[in-house]
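Right, one structure below, let's go through it.
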Amino acid sequence: MRILTAIWEIFTNPAFYKLTLTAATPFIFASLGGVFSEITGVVNIALEGIMLMGAFVSIVFTAVTGNPWIGVLFAMFVGLGMAWLHAWASIKWRGNQIVSGTALILLAQGVTGFLMEPIFGRPGQTDIVGKIPELRIPLFMKNSFLAQSIGELSPMIYIAFGCVALAWFIIYKTKLGLRMRAVGENPEAADTLGVNVYMIRYFGVLMSGIMASLGGAFLSVGEVGNFRELMTGGRGFIALAAMILGNWNPIGAMWASLLFGFSEAFANQLQSSPILHVASSSKPLFNMFPFIVTLIVIAGFIGKTRSPAADGVPYEK
Amino acid sequence: MNSKVWAFVVPIVSVIIALLISSVVILLIGQNPIVAYTALFKGAFGSKLAIASVIIKTTPLILTGLAVGFGFRAGLFNIGAEGQMVIGAMVATAFAINVAWMPAVFAIPLTMVVGMVAGAGYAAISGFLKAKTGAHEVVTTIMLNWIAEYLSSYVVTVPMGVGFGTPKSPEIASSAKLPPLMTVQATELTSGIIVAVIAAIVIYIVLEKTTKGYELKGTGFNPYAAEYGGVKISQNVVLAMAISGALAGLAGTLEVMGVHHRFLGTLSGGKGFDGISIALIGQNNPIGIIFAALLMGSLRTGSNEMQFAGVPKHIILIVQAVIIFLVAADRIVRTMLIRKKKVKPS
Numbered sequence: 253m254r255i256l257t258a259i260w261e262i263f264t265n266p267a268f269y270k271l272t273l274t275a276a277t278p279f280i281f282a283s284l285g286g287v288f289s290e291i292t293g294v295v296n297i298a299l300e301g302i303m304l305m306g307a308f309v310s311i312v313f314t315a316v317t318g319n320p321w322i323g324v325l326f327a328m329f330v331g332l333g334m335a336w337l338h339a340w341a342s343i344k345w346r347g348n349q350i351v352s353g354t355a356l357i358l359l360a361q362g363v364t365g366f367l368m369e370p371i372f373g374r375p376g377q378t379d380i381v382g383k384i385p386e387l388r389i390p391l392f393m394k395n396s397f398l399a400q401s402i403g404e405l406s407p408m409i410y411i412a413f414g415c416v417a418l419a420w421f422i423i424y425k426t427k428l429g430l431r432m433r434a435v436g437e438n439p440e441a442a443d444t445l446g447v448n449v450y451m452i453r454y455f456g457v458l459m460s461g462i463m464a465s466l467g468g469a470f471l472s473v474g475e476v477g478n479f480r481e482l483m484t485g486g487r488g489f490i491a492l493a494a495m496i497l498g499n500w501n502p503i504g505a506m507w508a509s510l511l512f513g514f515s516e517a518f519a520n521q522l523q524s525s526p527i528l529h530v531a532s533s534s535k536p537l538f539n540m541f542p543f544i545v546t547l548i549v550i551a552g553f554i555g556k557t558r559s560p561a562a563d564g565v566p567y568e569k
Numbered sequence: 078m079n080s081k082v083w084a085f086v087v088p089i090v091s092v093i094i095a096l097l098i099s100s101v102v103i104l105l106i107g108q109n110p111i112v113a114y115t116a117l118f119k120g121a122f123g124s125k126l127a128i129a130s131v132i133i134k135t136t137p138l139i140l141t142g143l144a145v146g147f148g149f150r151a152g153l154f155n156i157g158a159e160g161q162m163v164i165g166a167m168v169a170t171a172f173a174i175n176v177a178w179m180p181a182v183f184a185i186p187l188t189m190v191v192g193m194v195a196g197a198g199y200a201a202i203s204g205f206l207k208a209k210t211g212a213h214e215v216v217t218t219i220m221l222n223w224i225a226e227y228l229s230s231y232v233v234t235v236p237m238g239v240g241f242g243t244p245k246s247p248e249i250a251s252s253a254k255l256p257p258l259m260t261v262q263a264t265e266l267t268s269g270i271i272v273a274v275i276a277a278i279v280i281y282i283v284l285e286k287t288t289k290g291y292e293l294k295g296t297g298f299n300p301y302a303a304e305y306g307g308v309k310i311s312q313n314v315v316l317a318m319a320i321s322g323a324l325a326g327l328a329g330t331l332e333v334m335g336v337h338h339r340f341l342g343t344l345s346g347g348k349g350f351d352g353i354s355i356a357l358i359g360q361n362n363p364i365g366i367i368f369a370a371l372l373m374g375s376l377r378t379g380s381n382e383m384q385f386a387g388v389p390k391h392i393i394l395i396v397q398a399v400i401i402f403l404v405a406a407d408r409i410v411r412t413m414l415i416r417k418k419k420v421k422p423s
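Residue numbers (the numbering used here), protein chains in the order written: chain B, 253 to 569; chain F, 78 to 423.
Pasting the structure below:
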């Protein structure tokens, strides 16, 4: 029964809800990136690599300028550059999209690892460089449950939810969004109607670069204020799963991201629970939790989702 | 040029371009690329010990390359070689610890079979989910990789853990150890390389000379046509995934039997992920994969020496990334070589 008490403690702790939102935010950004790219028909598994690069670049430029927001801005530029490489290989040269994505992941791991020493003087992990301060919302009663859970959040969390709304609006309420979906479903037909398939696809992939780099930047300057080697730890791939689970829809991807954020926060809280006294040697078992949840969810719900028809298929005029 | 020639030319040109681009990166951090590459070459081929190390590093890479390449041929993208390798090694170790009573003629092949079955079973989960629910194998194998990694780091500390320092399992029974081919200084050159090369030949024969291989290739090439031709797609997806996983599991098992003689939490060290690059550079051809694995094995071995020359070994990841990128978009290379002449889509 100790475990039930521990779970009750977690759910009644306001910090848990803040942790859930914090854990979900990188997934939200990156899964939106996935939606933007795949809705136009380009698979982008490079999200993981773009995130890693975003996390690194934002810390580098925060260290240089002292302003984490400038760090975020540069992360977006570099994310754009990586996405452009992917777009160039997979749209212009009609390369295999998964293979090109794999190359970009390796590239990000190589470049971030390679530049650690010359820039920060040591491998592994940088010092605390600086992070974006949390935003206090004064509306709530001081020390109320709500104030303790969501009264003080990173502004990037609000930006993430803003991006969800923006993505939904672009994709479902604008002419551009209609064209994006048309290109992802039937590029030949779109082409016949005078839509520039290549241009639309470039737009989708480039947007995915911006979004994924924001997700990475949140991990470093948004959350902890430093960079660790390989700090994305598979989150880009979980974001892909969130996108699939969310049926290639920004709102769906947001809910799926929240689910994964919830399971990550839950696993973290459970292993550090003072009631359970989890031995440090058994902690890896708790770290498996979000991945098992993803696997079960993907296996159980996938029947209800459908990818854009031309997803992953290079278009040739 | 015909496609057979291109299959050689594209990877070779990609390697050269990758080395050139990496030279620029090395120059940017103020080092001399010629010094770096000389160290790389010396580190890989400069001594008997270096060559032995290359062969030791190449052995698992051949198998993970085969695992990914075989999956590709059947239309599956197995990113999970990493996890399958770990699970294969882990289960094989659990078995091999307890076979002291068995003579080596039984213990050695049985341990290999156990490791292969474990890898196959783990991969088959993804195959099964794809066949049953349509869950994409890229996502499921990645999840299984993480689960395997955390599981192994638990297993080497609690149920199997012995001693202090690095988490590790007890040593396997000596009857299950692979006899070394030769000993260079303190390094034993594992006979696992022979097993890996035989595996490549077997996979070549299965793919090129058997009906099942033809069916699997057909499934990969055009699933609709294959289904129309009476091929049971879902069955083949599970089977192809299982064979792919068995190869990755064997990679892990040979590491235990021939190199470490025990299970270590850090055993895979990205070798499963390298399998993707190797399969691509080898153009998914088992014989090509042997050479691609040798290339990657020598880059990895030589990179240690390069680090002594002051160049971080992460540069090898960048080399690898550029090679894969150019192999993915092989039209870039083709166009560069042909110049202006319109490239026909392959």
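The C-beta atom is built at its ideal place from N, Cα and C for all residues, glycine as well.
For residue 404 of chain B, the beta-bridge partners assigned by DSSP are B:388. Taking 8 Å as the CB threshold, residue 369 of chain B lines the interface with chain F.
Judged by pairs of C-beta atoms under 8 Å, the stretch 190-199 of chain F does not touch the stretch 250-259 of chain F, as fewer than three such pairs exist. Rounded to whole angstroms, the Cβ separation of residue 469 of chain B and residue 299 of chain B is 13 Å, and the two are not in contact under 8 Å. Contact between residue 200 of chain F and residue 321 of chain F is confirmed by a C-beta separation of about 6 Å, below the 8 Å threshold. The beta carbon of residue 456 of chain B does not come within 8 Å of any beta carbon belonging to chain F, so the residue lies off that interface.
Leaving aside the five residues that flank residue 229 of chain F on each side, the residues in its chain whose CB is nearer than 7 Å to its CB run, in chain order, 163, 167 and 342.
Looking from the CA of residue 346 of chain F, the closest CA among F:407, F:374 and F:302 belongs to F:374. DSSP, reduced to helix, strand and coil, places residue 492 of chain B within a helical segment of the structure shown. Taken in chain order, no unbroken stretch of beta strand (DSSP E) lies wholly in the stretch 390-474 of chain B with a span of 3 residues or more. Within the model, the alpha-carbon separation for residue 277 of chain F versus residue 406 of chain F is close to 26 Å. At a beta-carbon threshold of 7 Å, none of the residues of chain F lie near residue 449 of chain B; the nearest stands roughly 16 Å away. In this structure, the beta-carbon distance from residue 354 of chain F to residue 400 of chain F falls below 8 Å. Between the beta-carbon of residue 275 of chain B and that of residue 498 of chain B there is about 17 Å, and that puts the pair past the 8 Å contact cut. For residue 102 of chain F, same chain residues with a beta-carbon under 8 Å away, outside a window of 5 residues either side, are 392 and 395 in chain order. In this structure, the beta-carbon distance from residue 324 of chain B to residue 416 of chain B does not fall below 8 Å. Remark: C-beta atoms of residue 140 of chain F and residue 324 of chain F approach each other more closely than 8 Å.
CA-CA distance, residue 133 of chain F to residue 171 of chain F, rounds to 23 Å.
Per DSSP, reduced to three states, the secondary structure at residue 569 of chain B is coil, with no helix or strand assignment.
Bounds of the alpha helix (DSSP H) holding residue 537 of chain B are 535-539.
CA-to-CA, the gap between residue 314 of chain F and residue 150 of chain F works out to about 11 Å. Residues of the stretch 225-257 of chain F with a C-beta less than 7 Å from any C-beta of chain B: 227, 228, 230, 231, 234 and 235, listed in chain order.
If only uninterrupted alpha helix (DSSP H) runs of at least 4 residues are considered, those enclosed by the stretch 124-168 of chain F are 125-150. Within the stretch 141-152 of chain F, no residue has its Cβ closer than 7 Å to any Cβ of chain B. Membership of residue 220 of chain F in the alpha helix (DSSP H) is indicated by the continuous run 214-232. Not a single C-beta of chain B is nearer than 8 Å to the C-beta of residue 263 of chain F. Residue contact check for residue 310 of chain B against chain F: no CB pair falls below 8 Å. With the rule of 3 Cβ pairs closer than 8 Å, the stretch 401-415 of chain B counts as touching the stretch 259-272 of chain B. Chain F places a beta carbon closer than 8 Å to that of residue 348 of chain B, counting this residue as a contact. Residue environment analysis places residue 286 of chain F among the exposed positions, since fewer than 16 neighbouring C-beta atoms fall within 10 angstroms of its C-beta. Taking 3 residues as the shortest admissible run, the stretch 243-292 of chain F contains the following complete beta strand (DSSP E) segments, listed from N- to C-terminal end: 257-261 and 264-267.
DSSP places residue 303 of chain B in the uninterrupted alpha helix (DSSP H) bounded by 299-317. Within the same chain, Cβ atoms closer than 6 Å to the Cβ of residue 215 of chain F are found at 154 and 156, the five residues on either side in sequence being excluded. Closer than 9 Å at the C-beta level to chain B, one finds these residues of the stretch 391-413 of chain F: 391, 392, 393, 394, 395, 396, 397, 398, 399, 400, 401, 402, 403, 404, 405, 406, 407, 408, 409 and 412.
With its beta carbon less than 8 Å from one in chain F, residue 536 of chain B belongs to the interface. Distance from the Cα of residue 218 of chain F is smallest, within the candidate group F:198, F:236, F:234 and F:235, for F:198.
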